[in-house]
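Numbering of the sequence shown is given in this note's numbering, commencing with residue 32 and proceeding in unit increments.
Note that the Cβ used here is the ideal one computed from N, Cα and C, for glycine as well.
All figures in this text were calculated on a predicted structure; none of them were measured in a lab.
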Amino acid sequence: MKKLLLATTMLVATTLVSQAQDNTVKIGVLNDQSTSFSALGGTEVVRAAELAVKDFGGSVLGNPIEVISADHQNKPDVGLAIARQWLERDGVDAIADVANSAVSLGVNTLIGEQQKVGLFVSPLTDRPTEADCNGHIVAWAYDAYSTVGTTVAALLAEGGESFYILSPDYEAGKVQEAWVETAVNNAGAEIKGKVRAPLGTTDFSSYLLQAQASGAQAIIMNLNGPELVNAMKQAREFGIMDAGQKIAVTFLHQSDARALGVEALAGVRASTPWFWKKDEASEEFGRRMMEITGNAPGWIAAGTYSAVSAYLKAVEKAGTDESEAVLKAMREVELDDFFVSNGTLYPNGRLIHDMYLLEVNGPDDVSEKDDFFKLVATVPAEKAFRPHSESVCKL
32 MKKLLLATTM LVATTLVSQA QDNTVKIGVL NDQSTSFSAL GGTEVVRAAE
82 LAVKDFGGSV LGNPIEVISA DHQNKPDVGL AIARQWLERD GVDAIADVAN
132 SAVSLGVNTL IGEQQKVGLF VSPLTDRPTE ADCNGHIVAW AYDAYSTVGT
182 TVAALLAEGG ESFYILSPDY EAGKVQEAWV ETAVNNAGAE IKGKVRAPLG
232 TTDFSSYLLQ AQASGAQAII MNLNGPELVN AMKQAREFGI MDAGQKIAVT
282 FLHQSDARAL GVEALAGVRA STPWFWKKDE ASEEFGRRMM EITGNAPGWI
332 AAGTYSAVSA YLKAVEKAGT DESEAVLKAM REVELDDFFV SNGTLYPNGR
382 LIHDMYLLEV NGPDDVSEKD DFFKLVATVP AEKAFRPHSE SVCKL
């Protein structure tokens, strides 16, 4: 009788917890808020997710929507522990952003096991939608194929024949390096050399001198955040560009341009999923975020707003926050907002959309604060991203 009473009590308690969780749609923003990647998104992304919830009306299917956030400090074990607690104990329905590819790999596996939803915006690695796909991740913004391909294609079109690659020594950097090599080799051009710098590197002197000595026409920097800032400053000090070598970055964040300044970056080209002066709707979002944070937002914040908004529309359409139903609805709702143009959500979770080749404005072209970029070209979604027919994911 005691065992029966205990079992009944536990069942009632579990039911009450489930009902409590089901009475709130809870979204967790997991990213770096204190170390190398914090300037790229960080708390700005949390504010964007909160704004998406506010714009949606604060509730869905009669239940409140709650946004929580945590700092994984760029540590995969910390990120995985946070995600596990969120999914197993705290009733989180979807995890958004997940900056850092290494963190995202463990979180991807956990989300698949727990049958929840991942709204991945920051991770560059495509493993959650390719080799490690589980059907519960949507990758909302970009991948190495779309960013590297856009940048390298532009250099090749300008007559580039030889390249040197400088990458960060972590998962995303290795992915970018491999895709640069593939794009260059496929075009019949030459890789003069390549090197990787550890995360947190501040002195890039030896790496840049190697790149300079290689004689490559262009140096491709797969760097971002503080590493890109330091590398570009030192490249200017060494007079690398003045000597005739081009420097290109595979992608450039709003915060990178803010930290470096247009004087240091003028004329540098990079690909991006979005920028705040892309069109009227983008600028409207950008100015709203400026009122909240003081700065124009980067594409990670914009992408997270877009992904969270689409998720909530899908919950509404599905009539439930049950993950399978929501993911099915996400493939059925219209994907067209200020961030997503010409969008299609593939069965493997990869969202394709138009990508943009940007050039950093010169000082005389800056009309106002944070006006860093001009549009060079729009790359249609079908050309920017790898065709679904080439995916190794069998979903």
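As computed with DSSP, residue 62 is found in a beta bridge with 102.
When C-beta atoms of the stretch 308-321 are compared with those of the stretch 185-193, fewer than three pairs fall below 8 Å, so the two segments do not count as touching.
The beta carbon of residue 55 is closer than 8 Å to those of 94, 95, 96, 97, 122 in its chain, skipping five residues each way along the sequence. Annotated three-state conformation of residue 271 is coil, per DSSP. DSSP places residue 179 within a helical segment (H, G or I) once states are collapsed to three. Rounded to the nearest whole angstrom, the C-alpha separation of residue 176 and residue 372 is 18 Å. With contact defined as three or more Cβ pairs closer than 8 Å, the stretch 332-350 and the stretch 61-77 are in contact.
Across the set 390, 173, 222, the C-alpha of 173 shows the shortest separation from the C-alpha of residue 416. Checking the DSSP bridge columns, you'll see residue 303 partnered with 387. Spatial neighbours of residue 345 in its own chain (CB-CB distance under 6 Å, excluding positions within 5 residues in sequence) are listed in chain order as 357, 360, 361, 364. The shortest CA-to-CA distance from residue 127 to any of 319, 403, 201, 340 is the one to 340. The three-state secondary structure of residue 199, taken from DSSP, is strand.
Residue 252 is bridged by DSSP to 197, 280. The Cβ atoms of residue 380 and residue 178 do not sit closer than 7 Å to each other. Collapsing the DSSP output to three states places residue 94 in a strand. Cβ-Cβ distances below 7 Å link residue 232 to 258 in the same chain, with the five nearest sequence neighbours on each side left out; the list follows chain order. Bridge partners of residue 221 according to DSSP: 193.
By the neighbour-count criterion, in which 16 or more other beta carbons inside 10 Å mark a residue as buried, residue 248 falls on the buried side. If you ignore the 5 residues before and after residue 87, its C-beta comes within less than 6 Å of the C-beta of 343, all in its own chain and listed in chain order. Looking from the CA of residue 226, the closest CA among 216, 237, 219, 217 belongs to 237. Distance from the Cα of residue 389 is smallest, within the candidate group 383, 378, 408, for 408. Take residue 350, set aside five residues on each side of it, and no residue of its chain has a beta-carbon closer than 6 Å to its own. CA-CA distance, residue 406 to residue 63, rounds to 29 Å. A contact between stretches requires three or more CB pairs, one per stretch, nearer than 8 Å, and the stretch 251-265 meets this requirement with the stretch 63-72. Non-local C-beta neighbours of residue 187 in its own chain, meaning closer than 7 Å and more than five positions away in sequence, comprise 218, 220, ordered along the chain.
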